[in-house]
Amino acid sequence: MRWPASPRILSEHLVPVPEPLAVALRPGAEAPPRDVARLAARTLLDRVALAPRPRPAWLAPHQVAAAEALSAIIARHGGAVLADAAGLGKSYVALAVAETHGEPYALVVPAVLVPQWRALLDRFDAKAPILTHESLSATPYRPLPSPTAPYRLFVVDEAHRFRNPDTNRYRALARLCVGARLLLVTATPVHNRVADVLNLFRLFMRDHALAALGVPSLRRAARGELDASVTTAAAARLIVARSRARVRGGYHGGPLSLAFPHRNEAETHRVGPAPDAVLDALTAGVRRLTFGGRAAPLLRLMLLRRLASSLAAFRASLTRHEAYLDLAARAAAEGRGLSPRAFQHCFPRTEAPDLQLVLFPLLLDPLPRDATAAGAADRREVARLRALAADARDPKADALERLLDARPAKTIVFTDAQPTARHLLQRLRGRRAAAVFADAGRFGGGEATRQEVLRAFAPMAQHAQAPPPALVTDLLIATDLVSEGLNLQDAERVVHYDLPWSPARLAQRVGRIDRLGSPHSEITIAAFLPPAPLADALAIEQRLAAKIRAQIAAGAAQVETPAGDGAAASGAGAGPTLDWCDRLEGMSAPDQPAVAHGAWAAIRGERAMTVLVVRIGALAEAIVVEGETARADPAAATCALANAWGAEPALGGGAAALRGAITLAAPLVRARLTAVQEARWRAGDRDRFARRLIPWVLSAARRAARRSDAAQLGALDALVSRLALGMTAGEELLLDDLLTRREPLRVRDLLAWHHRLPPVQADDAGVDMELVAALVVEPQRTSL
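Residues in the sequence shown are numbered from -13 upward in steps of one, following my numbering.
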């Protein structure tokens, strides 16, 4: 059929489009700013719409909001991280999410918290099996009892313990949760760097699942190969992390009161465990130790840390170091490395656990045979140090006693050395003191269980009866084993007798008393710092400062320094960057009608910028354009959307600025689309065994096609999709188990592995894009 009125198109009419993506990202109609902000908030939250579920009546308003957000994130991504600041009731939120999930669930908790979790389950008539972190560390780990239906949700408390993928417990949990959903609970998801939380994501996400958000590989991001700011912005979608300030100001009403104790100004005391002259001599002697090869600096650091704690801890470490010198020198003479058994003998797991993972591989390397001379010199130096350390004077313990006398209060004294805890218990035995270390407890008069000591010290928080007068405890001396998860808010003071490696430990310690439900209107924090020469040798304060900066940059909800709140001290002021999703919740208003996709608005503001909310593949990104620069910045976009919520539209402008912003943002969108495509076929991961298997499977598929074996061909096609789309950490470990068997790999073995895994979802591998909403902020007009 001829087209009678067809237009004439000549070659000279054809012109190249300057930016093709700018055409694809064409905006729609202008709309009121509030409607545009609501549409943008809904899109950026990107939550699965769940049927209304009744939430337990025992949740506070901020806990209800967290439970609803976590349930939606888990439904969308297969897992979520609850990282509210310590003391906000994360256990209650986690239990509420698990109970309303509607499927069998199990708990994974540290052994020290098992009684607390059992009491919580009993209190709300809930039932769930409990697996301990310690059992997962064993080889092989103790399996869970088999239910009538498989566990579909695992709640992991103190999940930061699984931040290292090289540990037994990480691998065991990764295998255990394949095909299940995960709720990871920790007040300190970032201990040292943002890689900590990325490794947690890999327990439930495929490696490239966040490619559309600028993170083409979670593994590579964890190795520090990608922009940390982009990684943090992407991570916020999977985390609920509110600070106390946010909870105080953002949630009101409801059946429970949000009352927190006020923190007094932190006290710091710079004092050492020995007279200055003795301490200087001991520090200089430790720095002269040279035996140990590449591990020598770390060995010296361990000794210096114990010296900063107490002379009792230092003497115990000298004994272990002497044993190491003997065993390592014998191994060097025989041309072999230190055995794992000898390593554990010299450096038990309770001795500086943060250094164990670093030391272990270094000390297993064989030392040169001529190292025995250095070992002999070190043994002579250790003997001299032992004589110097016999000094009985203890200025540090004297300062602690003065602190306790100045203002009597129920106090927890934290140390990371068991010998120090024993020394202080002996020194302070007349002060109704008790101690908890490792798996045991002790009153001044004799041994006790850990739980007996905790109930005597904090009967209210532990839901226990008041102890008999002989066991009333006002002073608890504890190692960091007690710093995680326990409710001890009967106390009103925490003393950092030693500084830990990480500010996350500081936060965990303070979180034992700075909690909802504290009976105290005020609490106090005190910290003991090492004297200047020892502090310089340790450089621990500099290390803490660097990690504090990393935590603030990563948006942690709670950051502690020895002097108090780290976020406040840093001038961060605006609060953590991980909570921008929480700030969008109030604008999403699911019961309100939404405008059509592509809607945009213009408002007046302090400085010119344009916010573009773009859907790339299956995920949504917020791009902020200022000047000639376009960047992905959902936190800044959230601030602009919040300003638009109550703003009047700016009349007579905005369209030209919007077109220019789309042109500037197009290269960033194109880069994201390319990353999604490359991640789909593992183009940037040529070393991964999954990618190397694809040609082998395709060869088997060609053979199946020649045989006209449709069933085999379909199965192999699905297998290629799984290998191309990437896997969770657990799926990769199960594949690694298959590939490391002694038997030759067969196609049917690979297909059997594939069929045991959950179905592949390819919804995040698309390359569609759409401009969903846009906000133009024009500078305020100044009057002459």
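Every residue gets a Cβ at the ideal spot worked out from N, C-alpha and C, and that includes glycine.
Cα-Cα, which of the options is closest to residue i?
{"i": "residue 10", "options": "764, 377, 605, 756", "result": "756"}
{"i": "residue 114", "options": "124, 137, 98, 121", "result": "137"}
{"i": "residue 380", "options": "16, 252, 296, 407", "result": "296"}
{"i": "residue 169", "options": "159, 31, 177", "result": "159"}
{"i": "residue 597", "options": "604, 603, 584, 605", "result": "584"}
{"i": "residue 214", "options": "761, 178, 93", "result": "178"}
{"i": "residue 35", "options": "70, 83, 55", "result": "55"}
{"i": "residue 446", "options": "465, 503, 202", "result": "503"}
{"i": "residue 71", "options": "123, 369, 176", "result": "176"}
{"i": "residue 107", "options": "89, 85, 124, 123", "result": "85"}
{"i": "residue 439", "options": "474, 620, 325, 310", "result": "474"}
{"i": "residue 81", "options": "64, 58, 44", "result": "44"}
{"i": "residue 75", "options": "273, 187, 143", "result": "143"}
{"i": "residue 284", "options": "524, 743, 154", "result": "524"}
{"i": "residue 225", "options": "65, 192, 378", "result": "65"}
{"i": "residue 232", "options": "112, 48, 376, 78", "result": "48"}
{"i": "residue 377", "options": "733, 265, 8", "result": "265"}
{"i": "residue 360", "options": "40, 383, 312, 435", "result": "312"}
{"i": "residue 14", "options": "693, 645, 477", "result": "645"}
{"i": "residue 60", "options": "223, 588, 508", "result": "223"}
Go to residue i, then tell me how far its alpha helix (DSSP H) extends in each direction, as first and last residue.
{"i": "residue 218", "result": "214 to 221"}
{"i": "residue 143", "result": "Residue 143 -> not in any alpha helix (DSSP H); beta strand (DSSP E) instead, spanning 139 to 143."}
{"i": "residue 333", "result": "First-last for residue 333: undefined, no H or E at that position."}
{"i": "residue 716", "result": "715 to 725"}
{"i": "residue 305", "result": "297 to 319"}
{"i": "residue 30", "result": "19 to 31"}
{"i": "residue 406", "result": "404 to 413"}
{"i": "residue 100", "result": "100 to 109"}
{"i": "residue 573", "result": "566 to 574"}
{"i": "residue 271", "result": "262 to 273"}
{"i": "residue 700", "result": "696 to 711"}
{"i": "residue 60", "result": "47 to 63"}
{"i": "residue 8", "result": "6 to 10"}
{"i": "residue 390", "result": "381 to 392"}
{"i": "residue 246", "result": "Per DSSP, residue 246 belongs to no alpha helix (DSSP H) and is neither H nor E."}
Report the CB separation of residue i from residue j in whole angstroms; it is logged as a contact under 8 Å.
{"i": "residue 719", "j": "residue 157", "result": "6 Å"}
{"i": "residue 25", "j": "residue 581", "result": "6 Å"}
{"i": "residue 702", "j": "residue 687", "result": "4 Å"}
{"i": "residue 92", "j": "residue 118", "result": "About 11 Å; that fails the 8 Å criterion."}
{"i": "residue 568", "j": "residue 228", "result": "6 Å"}
{"i": "residue 793", "j": "residue 566", "result": "Any property of residue 793 remains undetermined from this structure, which presents the chain solely from -13 to 770."}
{"i": "residue 763", "j": "residue 595", "result": "5 Å"}
{"i": "residue 171", "j": "residue 68", "result": "5 Å"}
{"i": "residue 436", "j": "residue 422", "result": "5 Å"}
{"i": "residue 417", "j": "residue 461", "result": "5 Å"}
Which residues bound the beta strand (DSSP E) around residue i?
{"i": "residue 586", "result": "585 to 591"}
{"i": "residue 253", "result": "253 to 256"}
{"i": "residue 514", "result": "508 to 515"}
{"i": "residue 596", "result": "595 to 602"}
{"i": "residue 432", "result": "432 to 435"}
{"i": "residue 482", "result": "479 to 482"}
{"i": "residue 429", "result": "426 to 429"}
{"i": "residue 765", "result": "755 to 765"}
{"i": "residue 85", "result": "No beta strand (DSSP E) holds residue 85; the alpha helix (DSSP H) holding it covers 76 to 87."}
{"i": "residue 732", "result": "No beta strand (DSSP E) contains residue 732, which DSSP labels as neither H nor E."}
{"i": "residue 376", "result": "Segment: none, residue 376 is in no beta strand (DSSP E) and carries neither H nor E."}
{"i": "residue 400", "result": "397 to 400"}
{"i": "residue 167", "result": "167 to 171"}
{"i": "residue 612", "result": "605 to 612"}
Would the stretch 623 to 633 and the stretch 678 to 692 be scored as touching if the rule is three or more Cβ pairs under 8 Å? no
Kindly confirm or deny that the stretch 508 to 515 and the stretch 252 to 270 touch, where touching means at least three C-beta pairs closer than 8 Å. yes
Suppose only complete runs of 3+ residues qualify. What are the beta strand (DSSP E) ranges in the stretch 614 to 670, listed by chain order? 615 to 618
Count Cβ pairs between the stretch 302 to 322 and the stretch 276 to 291 that sit closer than 8 Å; are there 3 or more? yes
Could you check whether the stretch 601 to 609 touches the stretch 203 to 218, counting it as contact only if at least three pairs of C-beta atoms, one from each stretch, sit closer than 8 Å? no
Within 8 Å, do at least three Cβ pairs link the stretch 449 to 460 to the stretch 480 to 489? no
Can you confirm whether the stretch 460 to 469 touches the stretch 382 to 402 when touching is taken to mean that 3 or more C-beta pairs between the two stretches lie within less than 8 Å? yes
Kindly confirm or deny that the stretch 201 to 210 and the stretch 606 to 615 touch, where touching means at least three C-beta pairs closer than 8 Å. no
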